[in-house]
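Note sheet for the following structure.
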Amino acid sequence: MQYNHQEIEKNWQKYWAENQTFKASNTSDLPKYYVLDMFPYPSGAGLHVGHPLGYIASDIYARYKRHKGFNVLHPQGYDSFGLPAEQYAIQTGQHPAKTTEDNIKTYRRQLDQIGFSFDWSREVRTSNPEYYKWTQWIFIQLFNSWYNKESDKAEDISTLISIFEKEGNATVNAVCDEDIISFSAEEWSAFSAAKKEEILLQYRLTFLSDTEVNWCPALGTVLANDEIVNGVSERGGHAVVRKKMTQWSMRISAYAQRLLDGLNTIDWPQPLKDSQTNWIGRSQGAMVSFKIDGFEDSISVFTTRPDTIFGVSFMTLAPEHELVSKITTDAQKEAVASYVEATAKRSERDRMADVKTISGAFTGAYAIHPFSGEKVQIWIGDYVLASYGTGAVMAVPCGDQRDYDFAKHFNIPIPNIFENVDISEAAHADKEGIIIANSDFLSGLKYKKALKLAIYEMEKRGFGYGKVNYRLRDAVFSRQRYWGEPFPVYYRDGMPQMIDAKYLPIVLPDVEKYLPTEDGKPPLGNAEVWAWNTKTNEVVANELIDYETVFPLELNTMPGWAGSSYYFNRYMDPNNDNEIASKANLGYWQNIDLYIGGSEHATGHLLYARFWQKFLFDKGVVPVDEFAKKLINQGMILGTSAFVFRVENENKFVSQSKIANYKVQAIHTDVSFVNASDELDIEAFKNWRVEFKDAAFITEEDGSFKVSREVEKMSKSKYNVVNPDDIVAEYGADALRLFEMFLGPLEQTKPWKTSGISGVYSFLKKLWKLFFNGEQLEISDEAATKDELKIVHKTIKKVEEDIENFSFNTSVSTFMIAVNELTALICNKREALEPLLILLSPYAPHITEELWHKLGHTTSISTAPFPVFDPKHLIESAKNYPISFNGKMRFTLELPLDLSKEEIEKIVLDHPKTQAQLQGRTPKKVIVVPGKIVNIVG
RNA sequence: GCUCAAGUGGCGGAAUUGGUAGACGCGCUGGAUUCAAAAUCCAGUUCUUUCGGGAGUGUGGGUUCGAUUCCCACCUUGAGUACCA
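The first sequence begins at 67 in my numbering and counts up by one.
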């Protein structure tokens, strides 16, 4: 009987779906295990063979855990809000919901044919109102919360109001805006309702503010920092400029320290942790305030080196610093103004690309050194960033290279405050082993002591204090897009009002056009029914807006990361209409045990999701404050492009080995025209494009035409995309799954070459043959021999270790070895083949399910217990010892394992081959490691 | 520039409490079967060799009886990050 993968795979996929084989129960006595993939954005292009890699790995692990007796949650869904559907809508007028629905159908079909054990009854889609109801709900919770640094968690805004009512805000230790006014309890109660609202907004965890945002004119929207790469938009590579806009922001900075600390409690890849650590950017130092000569104002700076404060010889402000225009003297006005204008013109990208050029301008003003009382010049320079720290630095040229370069360039003095350090060529930034000099009370001290004493003195004298600073900025949460979650917000007297949670979801309205309005409002500005009636609590037509009971709704939508920041909790109870998920389900499933996805989400999704999880934990919604215990980044699968060589200015192609004789240019050809031996199907190539129809070909001697190959990113334009549909049709899903795992270590980037799949395909055919004699299924119930059991048990041991270590590539070779060895023994014993099928079933679920049932079983193999390894089958009585001379293995010798060291040494030394190797020399030393090796020195 | 990771046959890769380098597969070579092809099966495939053997895991050094594995320096590639005060 032939191995017919097409029929087998279709049948079992149908069986699993009909029997809901992989539906997870929310109540079970079994231990739980939650395996999750990062859910995909359903793009119009569908899947290529690189996409399922992580899904296959997680599916193997999920199936393995079921065999091991776990109640496994392994759901899948779609991150279905996003830009491509919207841009398609702008071009074609097609509603993004329709495009998205179509794309999801394609995705589902492609995923289904690979045989994943997803519990599809739990599917979520971020663009479904039943889902984004909870995205809106979380937004309201954030709005109604503030961060109390005393309790170090988010609390309800009502606790803040009651503090204000009792004692004003002097005692409040909160994470909030910087420009907060202070007020007493009496003043608070005297404030108008609007004023109170305005103050509270400065404390809320999501808040409206005029912020400098990254505005992308080409996309017509703002972008978050992590959506910008090298100064241009991550998507499309468009220019990005700084612009002031009123936007919703998320106070993620409140969680900076906890996001940092939490990294120590989770098993995530070190590079990913490093990039989050770097993104959060904690630095410890001090805030110091410098008075400005002749002004009431002072300049605050953040420094990590307060020990070098006596080395300050000037100060530098960012050109955008608010004090610049105020303190600049008349004499310097022109120079400063032209410098400010010049820097404003330069894009972020230019400024970043050009780090070496030193530029700046003197303001004419002086600051007073807080310790020495000396006057120091105040400069402006674009090496100081407005967005970091306070936008101003105390410049210590002897200890910081940038300050040093600036001072040299503008002839500013460079006082040396280090003992025995030469600073004639460069600054001395190293803080280890230095001794401070010329620094009043700090002189003679080492770095650590000087640092502590400097902060102590600043605090005592009242112009500075120790502080931890973070690079992490609050996250802009508004997008000027259509295809995203609407905010549950309307505006009354210019102040935002939350819609009561019981009226959620606020459903995205229909619009005529998906572009911004003519007066520059976001696309929702085109909606005609987009106002909130506070009496009837429903969305009504804009024409009813009277600013008394009917008010305009928010026109922005939420960013892409909103829906993906909590979806893993929703899978636990996806159809619950009253809560994100029930307490019981959240309590049972807790968090993700294994999360698999790409490393590109390191500082986006994975940071925001941790932030929301911690917030939801503070609010008592979820039971744990990290959402994923273990995370693995699967590597990218690259394409192997094929090139043909065309003679310049001729319609003539030259086979690979002959190009030296011609002047040729390489052009991509479709990889599907090329076989395993890199030979081109000339006919297919000719029919590919009209211009190749009459092309001439200079072939190899044997008539074949060879292409050259190169590994590149898989992309349509390089004609190297391989569609899993084609692979599944020709070789089957089991072969695809095995081959993707066989390519190499999961986390590694590796090239795809379809030719290699024949190896795993013939492995499956060999496995099939073990069960059949010609057309006839033939299985023996005789006891397995010692040798057969040895094969089975060494395979159990290795495969179990490999899966636990996520080393899926090596277990595929182990299966091949086992089948090769059993084939050699002509083994068809049930006792040997049944455990082998179970071992293999996570990798190749269809063929094993088929053979399992052919063996007479009536329930799915996925419920069979994992075979138990018994070491007694691997006990050996003899060892084939490698005999080395000076560490080089020269021959092997089979010896019983129960020999003593001395006996082994004697036998080896007496052996004629040893004598031949020694050629009469006497060995200096003989190392015998019983059971391992013999090494003869001399 | 900084940080991290990785360099092993023609290719993907295997081997680490230091102990037989190249498992498994692709490709390639030869053979069997076939009218022929596909499929299948068998043998071989790191390099070199005077067929005894010798060399060999990016380069150079070190530790060790013994190093792909540990240490130092360098080279190359990839990823991330970048005026962070």
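Yeah, the Cβ is synthetic: ideal placement off N, Cα and C, and Gly gets one too.
Beta-carbon proximity check, residue i vs residue j, cutoff 8 Å
i, j, result
"residue 444", "residue 427", "no"
"residue 479", "residue 377", "no"
"residue 339", "residue 325", "no"
"residue 313", "residue 354", "no"
"residue 825", "residue 779", "no"
"residue 785", "residue 735", "yes"
"residue 350", "residue 369", "no"
"residue 790", "residue 176", "yes"
"residue 99", "residue 659", "yes"
"residue 889", "residue 865", "no"
"residue 812", "residue 123", "yes"
"residue 367", "residue 385", "no"
"residue 346", "residue 139", "no"
Cβ distance (whole Å) where residue i is taken to contact residue j below 8 Å
i, j, result
"residue 709", "residue 773", "6 Å"
"residue 622", "residue 553", "6 Å"
"residue 461", "residue 382", "5 Å"
"residue 629", "residue 93", "Going by Cβ atoms, the distance from residue 629 to residue 93 rounds to 28 Å, so no, they are not a contact pair."
"residue 268", "residue 243", "4 Å"
"residue 117", "residue 904", "About 28 Å separates the two Cβ atoms, so there is no contact after all."
"residue 448", "residue 409", "5 Å"
"residue 322", "residue 533", "Wrong, their Cβ atoms sit about 13 Å apart, outside the cutoff."
"residue 284", "residue 305", "7 Å"
"residue 737", "residue 781", "Not quite, the Cβ-Cβ distance comes to about 12 Å (not below 8 Å), so this is no contact."
Bridge partners - residue i, DSSP secondary structure assignment
i, result
"residue 272", "316"
"residue 281", "288 and 307"
"residue 815", "Note: residue 815 sits in no beta bridge, so no partner."
"residue 948", "958"
"residue 191", "144"
"residue 71", "BP columns for residue 71 are empty, so no partner."
"residue 991", "1003"
"residue 461", "380"
"residue 706", "777"
"residue 222", "211"
Beta-carbon contacts of residue i that lie in its chain and below 6 Å, excluding the five residues immediately before and after
i, result
"residue 814", "701"
"residue 187", "89"
"residue 200", "646"
"residue 335", "699"
"residue 307", "281"
"residue 357", "364 and 434"
8 Å CB neighbourhood of residue i in its chain, flanking five on each side removed
i, result
"residue 794", "75, 179, 180 and 802"
"residue 670", "290, 292, 293 and 627"
"residue 997", "945 and 963"
"residue 221", "211, 212, 213, 214 and 684"
"residue 606", "595, 597, 598, 599 and 616"
"residue 724", "764 and 766"
"residue 886", "832"
Neighbour-count burial assignment, residue i, 16 or more Cβ in a 10 Å radius
i, result
"residue 808", "buried"
"residue 104", "buried"
"residue 610", "exposed"
"residue 490", "exposed"
"residue 276", "exposed"
"residue 152", "buried"
"residue 498", "exposed"
"residue 952", "exposed"
"residue 638", "buried"
"residue 573", "exposed"
"residue 508", "buried"
"residue 108", "buried"
Neighbourhood of residue i by C-beta, 7 Å cutoff - its chain only, sequence neighbours within 5 removed
i, result
"residue 958", "946, 947, 948 and 949"
"residue 255", "231"
"residue 301", "149"
"residue 979", "957"
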